[in-house]
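Asks: The structure is given below, and queries will be raised subsequently.
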Amino acid sequence: MPVVKVTYVEDNESFGAFMMSQQVAHPVEQASHEVRLIARGLTPYDEKDQDGLHMRDMFVVQRDPVPWVSVKKPAPRVSYLVINAHRAAAAIEFGLKKAAKRKGVRMLGRAGARVGQMRDQAGT
Amino acid sequence: MSNDYTPFEDIHDLLMLLLVEKFPALEPTALDGSDFHVDIELPDSIEDHSDPVFILLDRIGGQAEQFTDYPVVDIGFYAATWAAARDWARDVTAMLQGTPHIIQVGDRKIVLERTEVPSAPLELPWNDSESRRFQGTYRFSVRR
Chain A
142 MPVVKVTYVE DNESFGAFMM SQQVAHPVEQ ASHEVRLIAR GLTPYDEKDQ
192 DGLHMRDMFV VQRDPVPWVS VKKPAPRVSY LVINAHRAAA AIEFGLKKAA
242 KRKGVRMLGR AGARVGQMRD QAGT
Chain B
99 MSNDYTPFED IHDLLMLLLV EKFPALEPTA LDGSDFHVDI ELPDSIEDHS
149 DPVFILLDRI GGQAEQFTDY PVVDIGFYAA TWAAARDWAR DVTAMLQGTP
199 HIIQVGDRKI VLERTEVPSA PLELPWNDSE SRRFQGTYRF SVRR
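Order-wise, the sequence lines are chains A and B.
If you count by the numbering used here, then the first sequence holds residues 142 to 265, one letter each, in order.
If you count by the numbering used here, then the second sequence holds residues 99 to 242, one letter each, in order.
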């Protein structure tokens, strides 16, 4: 009776190329837009403020020019950044001693915790 | 027919119990408990509570499965000096990473199985104040 032996040889180079491909970039970009939309919804908004620079309109998604690299394995991965471009971003995100939101609203932190690996699945 | 589970313990309560157990310096020194050092809200005056440190706990998300809760928690460390805030952040992070932790809550024992640190503590601006702030983001696995 013939014996067929099957072995697996990992192809790191091929997998590395896959992790930098458009196939991976697409869902990562989708997830980052999801983070942007959730963060937008969590951002304080004052409709009476007419200066045209509402923070909720200032989130941008951009592909990270430097691919994300794990500390353990220097294998580059496609990564996208969700950026709050408002000048008061840090103050509203993390809070300041003299700001009304001293504790910080954490729009991006909360949005990030609901998407991807940290998705909030309670009740779904 | 459905099974009713015991609710997950609140991660803030678990962390408060664990922190006070591991770091006796965090126990309130005033008899009425007003001099607290770990809470989910900022006190009116951080300076009155930041000796040796004030620790702020804030769950910002995380999934909950049938048997395990995965809370994502921001932990802020407010102290009088940069070095003190950094040291507390470092010590508490190291303690939290030393899992598993078994936390006694009433007559129940809750297991904090795993701690991940997606964003390690770093200094965040906290202007016009003598106190300094470090903050990190942690992801825990807690059994029901």
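No residue lacks a Cβ here, since even glycine has one placed at the ideal position from N, Cα and C.
#1: Helix, strand or coil for Glu154/A? Go by DSSP, reduced to three states.
#2: Tell me whether the beta-carbon of Val203/B lies closer than 8 angstroms to the beta-carbon of Glu107/B.
#3: Where does His167/A land, buried or exposed, given buried means 16+ other C-beta within 10 angstroms?
#4: Between which two residues does the alpha helix (DSSP H) harbouring Lys120/B extend?
#5: Throw me the rounded Cβ distance for the Ile158/B and Val171/B pair, which I believe falls under 8 angstroms.
#6: For Ala178/B, which residues of its own chain have a beta-carbon under 7 angstroms away from its beta-carbon, when the five flanking residues on both sides are left out?
#7: Taking the alpha-carbon positions, what's the His195/A to Ile173/B distance?
#8: In the DSSP assignment, what residue or residues form a beta bridge with Arg231/B?
#9: For Phe235/A, would you say it is in contact with chain B, using Cβ-to-Cβ distances shorter than 8 angstroms as the test?
#10: Could you have a look at Ile138/B and say whether DSSP puts it in helix, strand or coil?
#11: Let me check one thing: in DSSP terms, what residues is Tyr236/B bridge-paired to?
#12: Please list the segments of the beta strand (DSSP E) lying wholly inside the region 191 to 247 of chain A, counting only runs of 3 or more residues, in order along the chain.
#13: Between the region 235 to 242 of chain B and the region 206 to 215 of chain B, are three or more C-beta pairs nearer than 8 angstroms?
#14: When you check each C-beta in the region 225 to 256 of chain A against every C-beta of chain B, which residues fall closer than 7 angstroms?
#15: Taking only beta-carbon atoms, is Gly204/B less than 8 angstroms away from chain A?
#16: From Tyr236/B to Gln163/A, what distance separates their C-alpha atoms?
#17: Closer than 8 angstroms, Cβ to any Cβ of chain A: which residues of the region 134 to 150 of chain B, in chain order?
Replies: The answer reads as follows:
#1: Residue mapping note: residue 154/A aligns to position 13 of the first sequence, counting from 1. Secondary structure at Glu154/A: helix, using DSSP grouped into helix, strand and coil.
#2: Mapped onto the second sequence, residue 203/B falls at position 105. Mapped onto the second sequence, residue 107/B falls at position 9. It is a contact, given that the beta carbons lie within the stated cut-off.
#3: The residue labelled residue 167/A in the question sits at position 26 within the first sequence. So His167/A counts as exposed.
#4: Position 22 of the second sequence, counted from the first residue, corresponds to residue 120/B. It spans Ile109 to Lys120 - the alpha helix (DSSP H) in which Lys120/B sits, taken as one unbroken run.
#5: Sequence index remark: in the second sequence, residue 158/B carries index 60 (1-based). Sequence index remark: in the second sequence, residue 171/B carries index 73 (1-based). Rounded, the Cβ-Cβ distance is 7 angstroms, consistent with contact.
#6: Along the second sequence, one-based indexing puts residue 178/B at 80. Around Ala178/B: Ser148, Asp149, Glu228 and Ser229.
#7: If you number the first sequence from 1, residue 195/A lands on position 54. If you number the second sequence from 1, residue 173/B lands on position 75. Between the alpha carbons of His195/A and Ile173/B lies a distance of about 28 angstroms.
#8: The count along the second sequence starts at 1 and reaches residue 231/B at position 133. Answer is Tyr176/B and Leu222/B, bridged to Arg231/B.
#9: To locate residue 235/A, count along the first sequence from 1; it is residue 94. Yes, Phe235/A lies at the interface with chain B (some Cβ there is under 8 angstroms from its Cβ).
#10: As a working mapping, residue 138/B is identified with position 40 in the second sequence. Here Ile138/B sits in coil by DSSP.
#11: Within the second sequence, the letter at position 138 stands for residue 236/B. Answer is Val171/B.
#12: When DSSP assignments are scanned along the region 191 to 247 of chain A, the uninterrupted stretches of beta strand (DSSP E) that are 3 or more residues long and fall wholly within it turn out to be 200 to 204 and 221 to 225.
#13: A contact exists between the region 235 to 242 of chain B and the region 206 to 215 of chain B.
#14: Per Cβ criterion, the list reads Ala231, Phe235, Leu237, Lys238, Lys239, Arg243, Lys244, Arg247, Gly250, Arg251, Ala254 and Arg255.
#15: For the purposes of this step, residue 204/B is taken as the residue at position 106 of the second sequence. Not one chain A Cβ lies under 8 angstroms of Gly204/B.
#16: Working through the second sequence from its first residue, we reach residue 236/B at position 138. Working through the first sequence from its first residue, we reach residue 163/A at position 22. Distance between the alpha carbons of Tyr236/B and Gln163/A is about 31 angstroms.
#17: Within the region 134 to 150 of chain B, the residues whose Cβ lies closer than 8 angstroms to some Cβ of chain A are Glu139, Leu140 and Ile144, listed in chain order.
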